[in-house]
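**Q** Let me begin by handing over the structure; questions about it come next.
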Amino acid sequence: MDSEASDFPRGALRPRRKNMLSIHFTQLMQTLPFFLKGLWGTIAISGLSLLAGTLVGLIMGIIRASRYKILRMVIGAWVDLIRGTPFLVQIFIVFFILPEVGIQLEAFPAAVIALSNLSACFICEIIAGGILAIPSGQREAATASGLSSYQQLRYVILPQALRLILPPLVGQYVLLIKDSSVVSAIGVLDVTRVGWLTVQRVPEGLLVFGLVGVLYFVICYPLIQLSNSLEKRLTVVTTRL
Amino acid sequence: MLETFNFRVILEYLPLYWKCLLATLWLSGAGLLGALVVGVVACAMRISRSKLVSKGAGIYIESIRSTPLLAQLYFFYFGLPSLGIPMSEEATGVLALTLNSGAYMAEILRAGVQSISYGQIEAAMSSGLSYLQRMRHIVLPQAVGVTLPPLLGQAIVLFKDSALLSLISIMELTRAGQIMTSERFMPAEGFLTTAVFYLLIYYVLKGISGWTQKRLIFREAR
Numbered sequence: 016m017d018s019e020a021s022d023f024p025r026g027a028l029r030p031r032r033k034n035m036l037s038i039h040f041t042q043l044m045q046t047l048p049f050f051l052k053g054l055w056g057t058i059a060i061s062g063l064s065l066l067a068g069t070l071v072g073l074i075m076g077i078i079r080a081s082r083y084k085i086l087r088m089v090i091g092a093w094v095d096l097i098r099g100t101p102f103l104v105q106i107f108i109v110f111f112i113l114p115e116v117g118i119q120l121e122a123f124p125a126a127v128i129a130l131s132n133l134s135a136c137f138i139c140e141i142i143a144g145g146i147l148a149i150p151s152g153q154r155e156a157a158t159a160s161g162l163s164s165y166q167q168l169r170y171v172i173l174p175q176a177l178r179l180i181l182p183p184l185v186g187q188y189v190l191l192i193k194d195s196s197v198v199s200a201i202g203v204l205d206v207t208r209v210g211w212l213t214v215q216r217v218p219e220g221l222l223v224f225g226l227v228g229v230l231y232f233v234i235c236y237p238l239i240q241l242s243n244s245l246e247k248r249l250t251v252v253t254t255r256l
Numbered sequence: 416m417l418e419t420f421n422f423r424v425i426l427e428y429l430p431l432y433w434k435c436l437l438a439t440l441w442l443s444g445a446g447l448l449g450a451l452v453v454g455v456v457a458c459a460m461r462i463s464r465s466k467l468v469s470k471g472a473g474i475y476i477e478s479i480r481s482t483p484l485l486a487q488l489y490f491f492y493f494g495l496p497s498l499g500i501p502m503s504e505e506a507t508g509v510l511a512l513t514l515n516s517g518a519y520m521a522e523i524l525r526a527g528v529q530s531i532s533y534g535q536i537e538a539a540m541s542s543g544l545s546y547l548q549r550m551r552h553i554v555l556p557q558a559v560g561v562t563l564p565p566l567l568g569q570a571i572v573l574f575k576d577s578a579l580l581s582l583i584s585i586m587e588l589t590r591a592g593q594i595m596t597s598e599r600f601m602p603a604e605g606f607l608t609t610a611v612f613y614l615l616i617y618y619v620l621k622g623i624s625g626w627t628q629k630r631l632i633f634r635e636a637r
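So the sequence lines, in the order shown, correspond to chains A and B. Just so we're on the same page, the numbering used here is the position in the first sequence counted from 1, plus 15. Just so we're on the same page, the numbering used here is the position in the second sequence counted from 1, plus 415.
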């Protein structure tokens, strides 16, 4: 394609290209089931990582905002390590290095582990930030009322912190879905991987990755809107209080 | 694993890593400069009074923010040649980084501009300040305080995202790890060394970010 384009002036190429484009378009439409399979892969990986990441991130965040200094530092250091390296490198480490210490992993579980770990670290920071933003008077009042530390967290701190946590949390889910495209690098069949495989047979990158982009857009755009509207609604509540 | 960890091989590959570190730095540096320019232009278009211009910038920003960088990278990498635009891998990579980060920067800048209440500008107008004076003394000093921390955060994201360029076979840090894995079959040594280099840059950038934040707070207090 490349040499062809440089040998001929663009005008001379155009009628043939238009013809090819329609052929490629029908070819692409025939591979649509394949794309749906990839879409399912993306949804499965991000869904599983979202659940695991939120759960682990919640626990890590609560510890990070607690008074146990050593635990706090350990989690902080781990979060920094994860935030300081690209996700691609992390996934290579999980996929290629864990087998060397005797943990044999398929591509799919490796992807889920790496992605859950990444999102847990980001969610941990969001949750810790939300908890620490609650004025200490609230906790003192709860202690004075005789609530146990679990009750304080459950009935006083978390319900208030949720207002601060929810909008960035949904934003984090969008990032997670987008980051899941990177797992295609180790051969997990997701939308990006399907696009990469298809473009080898249908040499029309704009069309193929345009379709890939549309599929991601359909999932991510509503979530971004949700995050924005949550932010607006929840700040209104804050000013009213 | 650790008892067989081969430091000699890492030493042998260190010149390659050094070269790749410089490549990562210049690729993300070029992307950052481009993204700032694109971000300023897209932000100006987004807040323009013309509906059409604002809508156009909105479509650009939203479509970038709703799709992964990797898909955008492949879109340009496989798409531009089929349009008859030959581009080197490096140029494609920098283009993708630029357009991707540009959209996020536009949003950050827009939030900064909109954080300044219109009353401030009205007050400056009624004090008889010209447009440039208003910008220089009223708007920008306040906007910088709001936008600089997230801009630096975006710069860190951009530099980490540059790892994806290894997937279109550009020589940079992650690629060095891949090369070491395929030539010597030593993924542990290769990718952990890569990670260490990324961490080094990350801590430097984080330090800069923390320092500016402290300075900003200090200035506000003054």
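Note that beta-carbon positions come from the ideal geometry of N, C-alpha and C, so glycine has one too.
Can you give me the Cβ contacts of Ile-234(A) inside the same chain, cut-off strictly under 8 Å, excluding the 5 residues immediately before and after it?
**A** As a working mapping, residue 234(A) is identified with position 219 in the first sequence. Answer for Ile-234(A): Thr-57, Ile-58 and Ile-192, listed in chain order.
**Q** Using C-beta distances below 8 Å, list every residue in its chain close to Leu-204(A), excluding the 5 sequence neighbours before and after it, in chain order.
**A** Taking the first sequence and counting its residues from 1, one reaches residue 204(A) at position 189. Hits under 8 Å: Lys-52, Gly-53 and Gly-56.
**Q** Can you check which of these residues, Met-586(B), Tyr-519(B) and Leu-510(B), is closest to Leu-567(B) by C-alpha distance?
**A** As a working mapping, residue 567(B) is identified with position 152 in the second sequence. Checking every option, the nearest Cα to that of Leu-567(B) belongs to Tyr-519(B).
**Q** Measuring straight from C-alpha to C-alpha, what distance separates Gln-175(A) and Phe-491(B)?
**A** Mapped onto the first sequence, residue 175(A) falls at position 160. Mapped onto the second sequence, residue 491(B) falls at position 76. Cα-Cα distance, rounded: 45 Å.
**Q** Can you give me the C-alpha to C-alpha distance between Gly-68(A) and Cys-435(B), rounded to a whole angstrom?
**A** For the purposes of this step, residue 68(A) is taken as the residue at position 53 of the first sequence. For the purposes of this step, residue 435(B) is taken as the residue at position 20 of the second sequence. C-alpha separation (whole angstroms): 32 Å.
**Q** On the three-state DSSP scale, how would you describe Pro-174(A)?
**A** Here the question's residue 174(A) lines up with position 159 in the first sequence. Pro-174(A) falls in the helix class under three-state DSSP.
**Q** Check the Cβ of Ser-503(B) against every Cβ in chain A and list those closer than 8 Å, keeping chain order.
**A** Translated into positions along the second sequence, residue 503(B) becomes position 88. Ordered by position in chain A, no residue passes the 8 Å Cβ test against Ser-503(B), which lies about 11 Å from the chain.
**Q** Between the Cα of Leu-451(B) and those of Val-509(B), Thr-513(B) and Glu-427(B), spot the shortest distance and give me the residue it belongs to.
**A** Start at 1 with the first residue of the second sequence, and residue 451(B) comes out as number 36. Of the candidates Val-509(B), Thr-513(B) and Glu-427(B), the one whose C-alpha sits nearest the C-alpha of Leu-451(B) is Thr-513(B).
**Q** Rank Ile-476(B), Leu-448(B) and Trp-441(B) by C-alpha distance to the C-alpha of Ala-457(B) and give the top, closest one.
**A** Counted from its first residue, the second sequence places residue 457(B) at position 42. Among Ile-476(B), Leu-448(B) and Trp-441(B), the Cα nearest to that of Ala-457(B) belongs to Ile-476(B).
**Q** Ala-200(A) and Ile-78(A) - do their beta-carbons sit closer together than 8 Å?
**A** On the first sequence, position 63 is the one that residue 78(A) refers to. On the first sequence, position 185 is the one that residue 200(A) refers to. Not closer than 8 Å, so no.
**Q** Can you tell me the Cα-Cα spacing of Pro-237(A) and Tyr-188(A), whole angstroms?
**A** As a working note, residue 237(A) is residue 222 in the first sequence. As a working note, residue 188(A) is residue 173 in the first sequence. Their backbone Cα atoms lie some 12 Å apart in a straight line.
**Q** Under 8 Å, Cβ to Cβ, is there at least one residue of chain B near Leu-100(A)?
**A** Translated into positions along the first sequence, residue 100(A) becomes position 85. It should be pointed out that residue 100(A) corresponds to Thr in this sequence rather than to Leu. Taking Cβ atoms only, chain B reaches closer than 8 Å to Thr-100(A), which makes this a yes.
**Q** With Thr-57(A) as the anchor, note down where its alpha helix (DSSP H) starts and where it stops.
**A** Counting from one through the first sequence, the residue named residue 57(A) turns up at place 42. Per DSSP, Thr-57(A) belongs to the alpha helix (DSSP H) from 47-79.
**Q** Thinking just about the alpha-carbon of each residue, which of Ser-131(A), Lys-247(A) and Ile-97(A) is nearest to the one in Val-615(B)?
**A** Here the question's residue 615(B) lines up with position 200 in the second sequence. The sequence shown places Leu at residue 615(B), not Val. Minimum Cα distance to Leu-615(B) is reached at Ile-97(A).
**Q** Looking at the structure shown, is Met-502(B) part of a helix, part of a strand, or coil, going by DSSP?
**A** Residue 502(B) sits at position 87 when you count from the first residue of the second sequence. It is coil, neither helix nor strand.
**Q** Whole-angstrom Cβ separation of Asp-95(A) and Leu-133(A), contact assumed at under 8 Å?
**A** Against the first sequence, residue 95(A) aligns to sequence position 80. Against the first sequence, residue 133(A) aligns to sequence position 118. Not quite, the Cβ-Cβ distance comes to about 13 Å (not below 8 Å), so this is no contact.
**Q** State yes or no: is the beta carbon of Phe-606(B) nearer than 8 Å to at least one beta carbon in chain A?
**A** Locating residue 606(B) in the second sequence gives position 191, counting from the first residue. So yes, Phe-606(B) belongs to the interface.
**Q** Starting from Gly-454(B), trace the alpha helix (DSSP H) in both directions and tell me its first and last residue.
**A** Position 39 of the second sequence, counted from the first residue, corresponds to residue 454(B). Per DSSP, Gly-454(B) belongs to the alpha helix (DSSP H) from 422-461.
**Q** I'd like the list of long-range same chain contacts for Ala-445(B), defined as Cβ closer than 7 Å, with 5 residues on each side in sequence excluded.
**A** Here residue 445(B) is taken as the residue at index 30 of the second sequence, counted from 1. Cβ neighbours of Ala-445(B) beyond the five flanking positions: Val-509.
**Q** For Glu-505(B) versus Leu-442(B), is the C-beta spacing smaller than 8 Å?
**A** The residue you call residue 505(B) lines up with position 90 of the second sequence. The residue you call residue 442(B) lines up with position 27 of the second sequence. Their beta carbons are under 8 Å apart, which means Glu-505(B) touches Leu-442(B) by this criterion.
**Q** Does the beta-carbon of Glu-604(B) have 16 or more other beta-carbons within 10 angstroms, so that it is buried, or is it exposed?
**A** Position 189 of the second sequence, counting from 1, holds the residue named residue 604(B). Buried: at least 16 other Cβ atoms inside 10 Å.
**Q** Taking 8 Å as the CB-CB limit, is Glu-219(A) close to chain B?
**A** As a working mapping, residue 219(A) is identified with position 204 in the first sequence. Taking Cβ atoms only, chain B reaches closer than 8 Å to Glu-219(A), which makes this a yes.
**Q** Are the C-beta atoms of Gly-210(A) and some chain B residue less than 8 Å apart?
**A** In the first sequence, counting from the first residue as 1, residue 210(A) sits at position 195. Taking Cβ atoms only, chain B reaches closer than 8 Å to Gly-210(A), which makes this a yes.
**Q** Just to confirm the assignment: which complete alpha helix (DSSP H) runs, minimum length 4, are found wholly within the segment 134-197 of chain A?
**A** Runs found: 151-159 and 173-194.
**Q** Asn-34(A) by DSSP, collapsed to three states: which one?
**A** Position 19 of the first sequence holds residue 34(A). Reduced to three states, the DSSP call for Asn-34(A) is helix.
**Q** Thinking Leu-488(B) and Ile-583(B) are a contact (beta carbons under 8 Å), I'd like their distance in whole angstroms, please.
**A** Position 73 of the second sequence, counted from the start, is the residue given in the question as residue 488(B). Position 168 of the second sequence, counted from the start, is the residue given in the question as residue 583(B). The Cβ separation is near 6 Å, so the contact holds.
**Q** Judging by CA-CA distance, which residue of Leu-103(A), Leu-86(A), Leu-36(A) and Gly-76(A) is the nearest neighbour of Leu-147(A)?
**A** Your numbering for residue 147(A) matches position 132 in the first sequence. Among Leu-103(A), Leu-86(A), Leu-36(A) and Gly-76(A), the Cα nearest to that of Leu-147(A) is on Gly-76(A).
**Q** Looking at chain A, which residues of the segment 424-442 of chain B have a Cβ within less than 7 Å of any of its Cβ atoms?
**A** Listed in sequence order: no entries.
**Q** To the nearest angstrom, how far is the alpha carbon of Ile-623(B) from that of Met-540(B)?
**A** For the purposes of this step, residue 623(B) is taken as residue 208 along the second sequence, with counting starting at 1. For the purposes of this step, residue 540(B) is taken as residue 125 along the second sequence, with counting starting at 1. Each residue's Cα considered, the two are about 36 Å apart.
**Q** What does the Cβ neighbour count give for Leu-562(B), buried or exposed, with the cut at 16 atoms within 10 Å?
**A** To locate residue 562(B), count along the second sequence from 1; it is residue 147. In the sequence under discussion, the amino acid at residue 562(B) is Thr, which differs from the Leu named in the question. Buried is the call here.
**Q** Have a look at Phe-574(B) and Arg-169(A) and give me their C-alpha separation to the nearest angstrom.
**A** Here residue 574(B) refers to the residue found at position 159 when the second sequence is read from its first residue. Here residue 169(A) refers to the residue found at position 154 when the first sequence is read from its first residue. If I take the Cα positions, the gap works out to 39 Å.
**Q** Can you grab the Cα-Cα spacing for the pair Val-206(A) / Leu-524(B), in whole Å?
**A** Numbered from 1 along the first sequence, position 191 holds the residue referred to as residue 206(A). Numbered from 1 along the second sequence, position 109 holds the residue referred to as residue 524(B). Answer to the nearest angstrom: the Cα atoms are 32 Å apart.
**Q** For Val-223(A), which three-state DSSP category applies?
**A** As a working note, residue 223(A) is residue 208 in the first sequence. Of the three classes helix, strand and coil, the one that applies to Val-223(A) here is helix, per DSSP.
**Q** Determine the direct distance from the alpha carbon of Pro-556(B) to that of Arg-630(B), and round the result to whole angstroms.
**A** The residue you call residue 630(B) lines up with position 215 of the second sequence. The residue you call residue 556(B) lines up with position 141 of the second sequence. Cα to Cα, the separation comes out at about 13 Å.
**Q** Closest Cβ-Cβ distance between Arg-599(B) and chain E: below 8 Å?
**A** Absence of chain E from the displayed structure is noted, the protein chains being A and B.
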